[in-house]
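Residue numbers (this note's numbering): 9 to 255.
Glycine included, each C-beta is placed from N, C-alpha and C at the ideal position.
Small disclaimer: the values here were computed from a predicted structure and weren't measured.
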Amino acid sequence: MFAASFAHISELLAAYRSGGGLRWAELGADARECQAELNKPWFERELAPALACVGHLHGRLSTPGARIADIGFGGGHSTVALAQAYPGATFVGLDVDEESVQMAQRVAGDAGVDDRVDFVLADGSGAQQHGPFDVVFAFECLHDMPRPVEVLSAAREALTPGGRMIVMDEVVSDEFAGPADDVDKIMYGFSVFVCLPDSMSSPPSAATGTVMRRSALEGYARDAGFSTVTVLPVEDFGFFRFYELTP
Ligand SMILES: C[S@@+](CC[C@H](N)C(=O)[O-])C[C@H]1O[C@@H](n2cnc3c(N)ncnc32)[C@H](O)[C@@H]1O
Numbered sequence: 009m010f011a012a013s014f015a016h017i018s019e020l021l022a023a024y025r026s027g028g029g030l031r032w033a034e035l036g037a038d039a040r041e042c043q044a045e046l047n048k049p050w051f052e053r054e055l056a057p058a059l060a061c062v063g064h065l066h067g068r069l070s071t072p073g074a075r076i077a078d079i080g081f082g083g084g085h086s087t088v089a090l091a092q093a094y095p096g097a098t099f100v101g102l103d104v105d106e107e108s109v110q111m112a113q114r115v116a117g118d119a120g121v122d123d124r125v126d127f128v129l130a131d132g133s134g135a136q137q138h139g140p141f142d143v144v145f146a147f148e149c150l151h152d153m154p155r156p157v158e159v160l161s162a163a164r165e166a167l168t169p170g171g172r173m174i175v176m177d178e179v180v181s182d183e184f185a186g187p188a189d190d191v192d193k194i195m196y197g198f199s200v201f202v203c204l205p206d207s208m209s210s211p212p213s214a215a216t217g218t219v220m221r222r223s224a225l226e227g228y229a230r231d232a233g234f235s236t237v238t239v240l241p242v243e244d245f246g247f248f249r250f251y252e253l254t255p
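Okay, structure coming up:
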């Protein structure tokens, strides 16, 4: 990812100087493929067992005919892992990056789940047009979004009664502190070289950055009309924490 970003160092420097940004699509194939490969093992091996331990969510996902959304699916490995774990469900993925749609369609085809998975080139802020959904997921992408509240609001409107939104994002510390811990340090690196420029490429932007603290997510969820945010009991899942948002 570092190499992918440094191929664009002059554009990044220009963005730092101007307050502008650099779109994820402009970072190119190396960044896109790196992102997909980084998270693929977690989705393939750990996602289903982790969700199976969260009884009420597992029940909802297992209900025959469940409709599930994956906003910001990237390489599509999360959607495909969910489709394999929940064969009675259908899936809609929404992502704004055209190359990701094509990559994810290939991944779903190779896995033989493309009959139940529809990857759409669309912004998450239009999620309600593709619903209703029993569960909406957003894996490691909310902090990249320039307008996270718009996307969360649309996801909330898209939910069926009793539906839930699950946000997987970085397991950063609750407070800014110096010296930062190792997770915060690496996430500030990703933030400056990848996520913050991406978010700031489309003004007006919340400019969240990769270090999206729990309080920031809680604020966005509240502004989007969710009543509660809880942390799911999913431990030791890479760099991630799972938040459950209840309308
Ligand atoms: C860091 S990647 C994460 C991809 C994937 N979820 C994963 O865990 O590997 C962020 C993704 O969010 C997508 N994205 C950013 N803003 C979006 C928006 N407003 N609506 C839908 N997708 C968005 C990007 O195109 C990109 O594919």
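Looking at the backbone, the Cα of ALA37 and that of ALA11 are separated by about 12 Å.
Within the same chain, and ignoring the five residues on either side of ALA135 in sequence, the residues whose Cβ sits closer than 8 Å to its Cβ are ALA77, ILE79, LEU102, PHE141, VAL144, VAL159, ALA162, ALA163, GLU165 and ALA166. Listed in chain order, the alpha helix (DSSP H) runs fully inside the segment 156-204 are 156-166 and 190-198, counting runs of at least 4 residues. Distances from the CA of PHE184 to each of SER223, PRO154 and ALA74 were compared; the closest alpha carbon is that of SER223. For ASP78, the beta-bridge partners assigned by DSSP are GLY101 and PHE145. Contact between ASP105 and TRP32 holds, with the beta-carbon distance rounding to 6 Å and staying under 8 Å. DSSP, reduced to helix, strand and coil, places GLU243 outside both helices and strands of the structure shown, so it counts as coil.
Short of 8 Å from the beta carbon of SER13, and not among the five residues preceding or following it, lie these beta carbons of its own chain, in chain order: LEU20, LEU35, ALA39, PHE201 and VAL202. Short note on SER133: C-beta closer than 7 Å to some heavy atom of ligand 1. Relative to the non-hydrogen atoms of ligand 1, the Cβ of ILE76 never comes closer than 7 Å to any of them. Straight-line spacing of the CA atoms in TYR24 and ARG221 works out to 22 Å. Distance from the CA of ASP231 to the CA of VAL157, rounded to the nearest whole angstrom, comes to 7 Å. Put simply, the backbone Cα of PRO49 is about 21 Å away from that of ASP152. Here the segment 86-94 makes contact with the segment 112-120; the two share three or more CB pairs at distances below 8 Å. Going by beta carbons, SER209 and GLY28 fall inside the 8 Å limit.
Of the residues SER213, ILE17 and GLY170, the one whose Cα lies closest to the Cα of THR71 is GLY170.
Put simply, the backbone Cα of VAL128 is about 7 Å away from that of VAL100.
In this structure, GLY82 has its beta carbon less than 7 Å from a heavy atom of ligand 1.
Under the three-state reduction of DSSP output, ARG249 falls in the strand class. With contacts defined by Cβ atoms closer than 8 Å, GLY186 and SER199 do not form a contacting pair. Check the Cα spacing between ARG68 and each of ALA146, ALA44, GLU148 and ARG172: the tightest is with ARG172.
By alpha-carbon distance to ASP123, the top candidate from LEU150, GLU107, LEU65 and THR98 is THR98.
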